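In this note's numbering, the protein residues as written are 66 to 158. No residue lacks a Cβ here, since even glycine has one placed at the ideal position from N, Cα and C. It should be emphasised that the depicted structure is a prediction, and the values quoted were computed from it without experimental measurement. Report on one structure; see the data block that follows.
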């Protein structure tokens, strides 16, 4: 009986972890949507500054990441964001 209870507790822990991961993903998606809406409303120079800040944040997050695949993906995203800023006017690097 104690073994069955331990199994139920393990199942509950797995379900709780899955729920937390799903909620975290939903929160990240919602934050990204909000950020994109802010970008659309801002003037060009402000848009460039916001994207530059976000790209720097992503590059820092990549350098801290322990997972090499995640770090590579974040670095690519940061590079693409900085590359998109070239020739768009506004602030210079």
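- Taking the CA atoms as reference points, residue 86 sits about 10 Å from residue 92.
- If you keep only unbroken beta strand (DSSP E) runs of at least 3 residues inside the segment 79-109, you get nothing at all.
- In the three-state scheme derived from DSSP, where H, G and I count as helix and E and B as strand, residue 131 is classed as coil.
- With respect to residue 139, residue 126 sits close: the two C-beta atoms are nearer than 8 Å.
- Around the CB of residue 137, fewer than 16 other CB atoms lie within 10 Å, so the residue is classed as exposed.
- The three-state reading of DSSP puts residue 151 in coil, since its state is none of H, G, I, E or B.
- Scanning its chain for C-beta atoms nearer than 6 Å, with the 5 sequence neighbours on each side dropped, one finds around residue 147 the residues 120, in chain order.
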